[in-house]
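With this note's numbering as the guide, the letters of the sequence shown map in order to residues 71 to 558.
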Amino acid sequence: MNRFPTDHEPDDGQVDPELLSAALERVRAADPAVDAVLDADSLHETLAVTTGVQVGTAPGDELAAARARRRTPRWFQVAAVVAGIAVVGASGYAIGAKGADASATSADASLEAPMSLGGAAPAEQQEVDSGAAVDAQNLVGGRDALPSSYWYGGRTVFHGAGLPTAGSSHDAWGFDPSATYSQATAALAADVFGVSGKPRQDAGGWTVGKQDGSVPTVTIAPDGTTSVSYYDPTRDPWACGSDVVAPPDEPDSSTADDAKADDTPGDDGAVSGGSEPDFGVDGDCTAEAPSAKDATATARDALADLGLDPDDYAWTTQTDAGASVNVGAELVVDGQRTGLTWWFTVMSDGVQSAWGSLAPVVALGSYDVVSPAQAVERLNDPRFGASGGGVYPMAAREALMGAMESGTDTSSNEEPTSTPTPPAAPEPGASFSWPVMDVTITAARLGVALQTDVDGSTSLIPTYELTSDDGSTWTVVAVADSMLDLTS
């Protein structure tokens, strides 16, 4: 039976312009790293080693001061459901909220890892799971030596060694959002997550529940995978002990009555001119988190109630000392994890928040693919070429590499022992440095990667993951030229 009927009446209702103008600010407020503390001392020390420039002592905690100045009302912080879908997507907000410092279970190791058509990655980062926090020490001056490939920018030449020269074929898949983006689907999602109200259509998609941060809300978006977002602010496990800030000041009473007269409040609308919602709700600080097994079972039941097959996903959990368990469900297609992931925050009384995609997978058939040797040549072709550099500055590269090879801890807070000096002036007639890196690709894996077309449609297209002799990897589209539309 089709769980997602698509017949619905069009909704031409007006969208509150204030909600639109504040959308990105709401997303920033909902950032799981919004309260992260910058280790300024380590950062300054790392910059000194990587660039050869001494930046002096670290300034005061300007970040904390800035946060104090920009403190956002709590209702504003939790009203980012609609905008959050467009910006966060399926990147794993829930599990990123507390980092990777807790007990966790991993997906089935027998499954092929996901691919991403986005450039290069060093060997140390190949096994980082989707949505997991990456140790910043590996990105800005850690003591462990990075593979030389991580320095590669645009001036890179790729060669293959011992790779097959014969092409082959591989299946591709797409997603059908027309089967799930509807008023009926929004109503179904609201029923599954216990959100009261009637679906209404606005700029962000179909929404159930007021978006003022006082009640649970669920939204589905008109994107290529029918992204869905659910959040219950009345059960937020991270609200324990937080300050409850009142909503913005009301306008002058002389104009407030006139403004209210123009409002068109409804039971479920974003504008509620006649009443002020209750913003004084916090999470239950005393509740115990469910077990990983129970949390996974709850999330699986939610997916099944939404019309999805829980067995089509690779499941992971992450727990900490709080009142919730984070559960991830990554879509698996043809034995490979795809990177398209559901994230659930599960408490003892059920799901508190969820992000994911509802569009069903549809088979697109078999596509001709180039050989691994040709895939390496594509890395040298600007139409397909890799984009891997840019994380580290090229200045003082040798100094940093030497420090890492010698085991020097570049994050130390001790004062540098050498006196900084400026570089020498260029000599007339001297050659200019123009480093070109040479990479040898020794292995290739054929799979699929998510690709969003210019019209917004999303597919899983044949992709090669190419591995160099130092363990770093690049990805490049594998589809033969005859099946690629290269027109702009």
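Backbone N, C-alpha and C define an ideal beta-carbon position, used for all residues, glycine too.
Please identify the residue among 431, 385, 358 and 378 whose C-alpha is closest to the C-alpha of residue 31.
Any question about residue 31 goes unanswered here, given that the chain covers just 71 to 558.
Do residue 532 and residue 246 count as a contact pair if the criterion is CB distance below 7 Å?
Against a cut-off of 7 Å, the Cβ pair of residue 532 and residue 246 comes out as no contact.
Hey, residue 424 and residue 300: beta-carbon distance below 7 Å or not?
Yes. Within cutoff.
Are the segment 440-458 and the segment 535-555 touching by the rule of at least three beta carbon pairs closer than 8 Å?
The answer is yes - the segment 535-555 touches the segment 440-458, with three or more Cβ pairs under 8 Å.
Own chain, CB closer than 7 Å to residue 130, minus 5 neighbours either side, in chain order:
In this prediction, residue 130 scores a pLDDT of 48, lower than 50, which makes its location untrustworthy; no coordinate-derived value is stated.
Determine the extent of the alpha helix (DSSP H) in which residue 263 is found, giving its start and end residues.
Where residue 263 is concerned, the enclosing alpha helix (DSSP H) stretches over 253-263.
Contact check, residue 511 vs residue 488, beta carbons under 7 Å
No, these two residues do not count as a Cβ contact at 7 Å.
Using only the alpha-carbon positions, how far apart do residue 362 and residue 493 sit?
Rounded to the nearest whole angstrom, the CA to CA distance from residue 362 to residue 493 is 56 Å.
Determine, using beta carbons only, whether residue 254 and residue 290 come nearer to each other than 7 Å.
Not a contact, by the Cβ cut-off of 7 Å.
With DSSP collapsed to three states, give me the class of residue 389.
Three-state result, residue 389: strand.
Enumerate in chain order the residues of its own chain whose CB-to-CB distance from residue 444 is below 8 Å, with the five nearest sequence positions on each side excluded.
Excluding positions up to five away in sequence, the list reads 235 and 237.
Through-space distance from residue 396 to residue 186, alpha-carbon basis
Taking the straight line from one Cα to the other gives about 23 Å.
Given this structure, state the Cα-to-Cα distance separating residue 12 from residue 497, to the nearest angstrom.
Nothing can be reported for residue 12, as the shown portion of the chain is limited to 71 through 558.
Mind checking residue 452: buried by the 16 CB within 10 Å criterion, or exposed?
So residue 452 ends up on the exposed side.
Under 8 Å by Cβ, that's how I've got residue 240 and residue 441 pegged, so tell me the actual separation to the nearest angstrom.
Rounded, the Cβ-Cβ distance is 12 Å, inconsistent with contact.
Here's the rule I'm using: 16 or more other beta-carbon atoms within 10 Å means buried, otherwise exposed. How should residue 225 be labelled?
Under the 10 Å beta carbon count, residue 225 is surrounded by fewer than 16 other beta carbons and is classified as exposed.
Identity of the residue in 295, 285, 491 and 258 nearest residue 412 by Cα
Nearest of 295, 285, 491 and 258 to residue 412, Cα basis: 295.
Rounded to the nearest angstrom, what separates residue 197 and residue 400 at their Cα positions?
Reliability fails at residue 197, whose pLDDT of 45 lies under 50, so the model's placement of it is uncertain and the value that follows must be treated cautiously. A straight line joining the alpha-carbon of residue 197 with that of residue 400 spans about 15 Å.
Which residues DSSP lists as bridging residue 401, in chain order
DSSP lists 383 as partners of residue 401.
In chain order, what residues of the same chain have a beta carbon less than 6 Å from the beta carbon of residue 535, not counting five sequence neighbours either side?
Here the set comprises 185, 515, 543 and 545.
Which term fits residue 502, buried or exposed, when burial requires 16 or more other beta carbons within 10 angstroms of its beta carbon?
Classification for residue 502: exposed.
For a test of the three-state rule: what should DSSP assign to residue 552, helix, strand or coil?
In this structure, residue 552 counts as helix in the three-state DSSP scheme.
Cβ shell of residue 422 (< 6 Å), same chain only, five flanking positions each side left out:
302, 305 and 415, listed in sequence order.
Three-state secondary structure (DSSP) of residue 22:
There is simply no residue 22 to check, as the chain begins at 71 and stops at 558 in what is shown.
Spatial neighbours of residue 505 within its chain, please: C-beta separation below 7 Å, excluding the five flanking residues on both sides.
Closer than 7 Å at Cβ, skipping near neighbours: 225.
To the nearest angstrom, report how far apart residue 382 and residue 525 are at their CA atoms.
About 27 Å.
Please classify residue 297 as buried or exposed, where buried requires at least 16 other C-beta atoms within 10 Å of its C-beta.
When all chains shown are included, residue 297 counts as buried.
Contact check, residue 244 vs residue 529, beta carbons under 7 Å
Taking 7 Å as the Cβ cut-off, residue 244 and residue 529 qualify as a contacting pair.
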